[in-house]
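Chains as they are written, first to last, in this note's numbering: chain D, 56 to 128; chain B, 7 to 374; chain A, -13 to 377.
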């Protein structure tokens, strides 16, 4: 738990002052969006909230709905 | 306008591609469960099928010098559709990078350091990749020479050490397995080691000179494929029938090295080799991912995106699959199917469209 | 400029110091926390559900204690610790009740299975040894004549540890070629093979006065993982002739003048097996080439002549052919494909093999062997003539 906080704080410290100083608003926006996503995922991981796996969704989509599959065995 | 200020030479591209393909040497163990002693055939067939496709990437890069994949997509498919295609690619890079990072974790927790918590390994490895990416492509390109030589050295030396335990009759009988399995094997091998070179469409935008792109790409691919072949041949000759039951046949055959009771327990060789090569592969993928996203969003530099993306990647790698069993099953089915259009269909299509439309138009000047 | 240099030097030094602090390993186990296992034995327990696992553990202070010991004292350099469990892994973990540390099986030289386990079938018990991360595939596998724990208890003369002694016995099979060594990898390979019957060395104990000696008394035939029968030394040598695995050994033939023996030392032996399906019958063409040297003769007549050599060569070829045929006949009796003929057929005639595979048990006894032996005597060691008065 504490690792997450440290690491995420570290990320902000490294990136944000430089971006603010150089007034790179676009970069700051992109950074913030990704940062929030990372933060949410990180917290979900630490708090043991199950994170939906994109590959399972893809597997479901391709195999069950489209029916394309290699025969097993 | 291209983001990357770094430039790499064509020869460095050769080594980058060779190292990249070599990084999948343990991924061949995926297919061994399916194709048993015919794995070498599968590798050769996949090489034959993928070579024209990969060369089409090189030709595409040559046609659009200095431009990376996202810019090419924008030009060929128009602003909207191009961005959709680029997003598809970015999803692919995101997922594949997390699989590769997860592979390293699985390597360590299964064989080398079984007591270490999975996430720590992922974090440490990703942190190293992140650092490499912030330094830029030039650094990676310079290091690739060393890594490729190390990879080849390890493969050849393990092969030589095991010669007295090899029995080449284990390659017989040829053509025994049902064709559908061979086909799936070819599909897997052409997608995972060879097809992932589609990531180079971004890196080729950094070449300072696109004259010898096609030749160097071909040789890079060839060196990588030969490395894979040596590995697969060694495993089949040494283990024969048992290679289907081990989690990693490469590891197991190296464990059998026993020369003069001095050269034993050489597991570390493959640990070192694989770690180095997967590191190269992951750093390249990471670089490609970051540059693609920055290019898509029109950013001036990719640096600020690196760390958040690294965090996202680690979490995805840690949670996307439950165990190696899941990993294998899903990759052998959905994993290769969803990425097939990206590797086989879209780039040659782009080339075709570019030829028909006569892109890049000379009056356009310097891109967007 | 000076300040910049100082700063980068500081960074370098701090990085260097961090190397010492940050490097570590969660899975690190110090030597005195390890119980180094050099041999393991698996037997059936009185309770039929359980197995008895015996692990031979090295005692850390072995070096000094063994200097002063005489054979009567009970100061052994090893410790056979045993435990009962429902499965092999269960028993392995139960041993920590007695040792306090987890077993470290990376140095395991040999795994010995008791006869009752072998009769029941090794499939159930071998999985742990293949799957365990610390286990080496180069470890040998053996069957004990009675109980594995007895074999592990027999204290050898020249070695400190029984397990190391046994492993040494097996690895030096080349001197007599009466058995051969089988490691975990080979055994696993044969388990996967539906037609081949595997052989594993059999270890017995004989009572030599007061002390027990361990020796390899033959090999055990496994069919589909279950022990079926035993083979004696000579049978096994016949098998090794056919497979080309004979390294060295002794062939005794009567000398041409019928007054004594000529003893040959095998220097080199090769064999080539070609399967052939002729008119629906399976014929195996076996070519054996052997080179030997005349190591001992018991008559006074000089055998180091070309005529004598030819007769001896013929006689020894006959001996080899008999041994090979005997091995084959024994295998037909047991209906066990110990040579791997099925596999050879598979490799050459893969289409026909698909139909033959299922009836292999019926087809195997109908195989014909065509053995062609050629022997050469290439040297006579140090004597040109025997030490006897010439006529």
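The C-beta atom is built at its ideal place from N, Cα and C for all residues, glycine as well. From a predicted model like this one, the values you see are computed outputs, not experimental measurements.
Boundaries (first-last residue) of the alpha helix (DSSP H) holding residue i
| i | result |
| --- | --- |
| residue 346 of chain B | 342 to 346 |
| residue 80 of chain D | 80 to 101 |
| residue 227 of chain A | 219 to 229 |
| residue 240 of chain B | 219 to 245 |
| residue 61 of chain D | 57 to 76 |
| residue 139 of chain B | 124 to 141 |
| residue 53 of chain B | 45 to 69 |
| residue 104 of chain B | 75 to 113 |
| residue 68 of chain A | Here residue 68 of chain A belongs to no alpha helix (DSSP H); instead the beta strand (DSSP E) covers 64 to 71. |
| residue 169 of chain B | First-last for residue 169 of chain B: undefined, no H or E at that position. |
| residue 319 of chain B | 309 to 325 |
| residue 345 of chain A | Neither: residue 345 of chain A is in no alpha helix (DSSP H) and is coded neither H nor E. |
| residue 157 of chain A | 148 to 157 |
| residue 24 of chain B | 16 to 28 |
| residue 116 of chain A | 109 to 117 |
Contact list for residue i against chain E, beta-carbon separation under 7 Å
| i | result |
| --- | --- |
| residue 75 of chain D | The structure shown contains no chain E; its protein chains are D, B and A. |
Outcome for residue i when other beta-carbon atoms lying within 10 angstroms are tallied against a minimum of 16
| i | result |
| --- | --- |
| residue 210 of chain B | buried |
| residue 206 of chain B | buried |
| residue 374 of chain A | exposed |
| residue -7 of chain A | exposed |
| residue 148 of chain B | exposed |
| residue 57 of chain A | Low confidence applies here, because residue 57 of chain A scores a pLDDT of 37, under 50, leaving its location unreliable and the question unanswered by this model. |
| residue 15 of chain A | exposed |
| residue 116 of chain D | exposed |
| residue 117 of chain A | exposed |
| residue 40 of chain B | buried |
| residue 448 of chain A | One cannot answer for residue 448 of chain A here, as it falls past the ends of chain A, which runs -13 to 377. |
| residue 108 of chain B | buried |
| residue 245 of chain A | exposed |
| residue 54 of chain B | exposed |
| residue 321 of chain B | buried |
| residue 283 of chain A | buried |
| residue 133 of chain A | buried |
| residue 74 of chain D | buried |
Residue i, enclosing beta strand (DSSP E) - first and last residue
| i | result |
| --- | --- |
| residue 203 of chain A | 197 to 209 |
| residue 358 of chain A | 354 to 365 |
| residue 42 of chain A | 37 to 44 |
| residue 140 of chain A | No beta strand (DSSP E) holds residue 140 of chain A; DSSP gives it neither H nor E. |
| residue 128 of chain A | 126 to 130 |
| residue 262 of chain A | 247 to 264 |
| residue 24 of chain A | 21 to 30 |
| residue 112 of chain D | Taken as a continuous stretch (DSSP letters only), residue 112 of chain D belongs to no beta strand (DSSP E), being part of the alpha helix (DSSP H) at 109 to 114. |
| residue 99 of chain A | 96 to 99 |
| residue 352 of chain B | Per DSSP, residue 352 of chain B belongs to no beta strand (DSSP E); it is in the alpha helix (DSSP H), 352 to 363. |
| residue 235 of chain A | 235 to 240 |
For residue j and residue i, believed in contact at Cβ under 8 Å, the rounded distance
| i | j | result |
| --- | --- | --- |
| residue 64 of chain D | residue 311 of chain B | Wrong, their Cβ atoms sit about 18 Å apart, outside the cutoff. |
| residue 144 of chain A | residue 323 of chain A | About 38 Å; that fails the 8 Å criterion. |
| residue 351 of chain B | residue 194 of chain B | So it is not a contact: roughly 17 Å between Cβ atoms. |
| residue 126 of chain A | residue 153 of chain A | 6 Å |
| residue 315 of chain A | residue 350 of chain A | Not confirmed; about 12 Å, so no contact. |
| residue 306 of chain A | residue 242 of chain A | Their Cβ separation, rounded to whole angstroms, is 18 Å, which puts residue 306 of chain A and residue 242 of chain A out of contact at 8 Å. |
| residue 114 of chain A | residue 74 of chain A | 4 Å |
| residue 259 of chain A | residue 330 of chain A | 6 Å |
| residue 39 of chain A | residue 90 of chain A | So it is not a contact: roughly 15 Å between Cβ atoms. |
| residue 100 of chain B | residue 353 of chain B | Contact doesn't hold; Cβ gap of about 19 Å is too wide. |
| residue 156 of chain B | residue 246 of chain B | Not quite, the Cβ-Cβ distance comes to about 28 Å (not below 8 Å), so this is no contact. |
- Query: Going along the chain, which residues of the segment 108 to 120 of chain D sit with their C-beta nearer than 7 Å to a C-beta in chain B?
  - Reply: Listed by position along the chain: 108, 109, 110, 113, 114, 117, 118.
- Going along the chain, which unbroken runs of the alpha helix (DSSP H) with 4 or more residues stay wholly within the segment 269 to 339 of chain A? The qualifying runs are 292 to 320, 327 to 334.
- For the segment 71 to 103 of chain D, which residues have a CB atom closer than 7 Å to at least one CB atom of chain B, in sequence order? Listed in chain order, the positions of the segment 71 to 103 of chain D with a beta carbon within less than 7 Å of a beta carbon of chain B are 74, 79, 81, 82, 85, 86, 89, 90, 92, 93, 96, 97, 100.
- Which runs of the beta strand (DSSP E), 3 residues or longer, sit entirely within the segment 166 to 194 of chain A? As far as the segment 166 to 194 of chain A is concerned, its whole beta strand (DSSP E) runs of at least 3 residues are 184 to 194.
- For the segment 164 to 179 of chain A, enumerate the residues whose C-beta is nearer than 8 Å to any C-beta of chain B, in chain order. Answer set for the segment 164 to 179 of chain A: 171, 174, 175, 178, 179.
- Query: Using Cβ-Cβ distances below 8 Å, what residues of the segment 323 to 346 of chain B are close to chain D?
  - Reply: Residues 324, 325, 326, 327, 336, 338, 339, 340, 341, 343, 344.
- Could you tell me which uninterrupted alpha helix (DSSP H) segments, each at least 4 residues in length, are contained entirely in the segment 173 to 214 of chain B, listed from first to last along the chain? For the segment 173 to 214 of chain B, whole alpha helix (DSSP H) runs of length 4 or above, ordered along the chain, are 185 to 195, 206 to 209.
- Residues in the segment 117 to 140 of chain A having any Cβ partner in chain B nearer than 7 Å: Taking 7 Å as the Cβ-Cβ cut-off, the segment 117 to 140 of chain A approaches chain B at 119, 122, 123, 124, given in chain order.
- Contact residues within the segment 270 to 283 of chain B, judged by C-beta distance below 9 Å to chain A: Per Cβ criterion, the list reads 270, 271.
- Query: Of all the residues that make up the segment 292 to 307 of chain B, which are near chain D by a beta-carbon distance shorter than 8 Å?
  - Reply: Of all residues in the segment 292 to 307 of chain B, the ones placed with a Cβ closer than 8 Å to any Cβ belonging to chain D are 299, 300, 303, 304, 305, 306, 307, in chain order.
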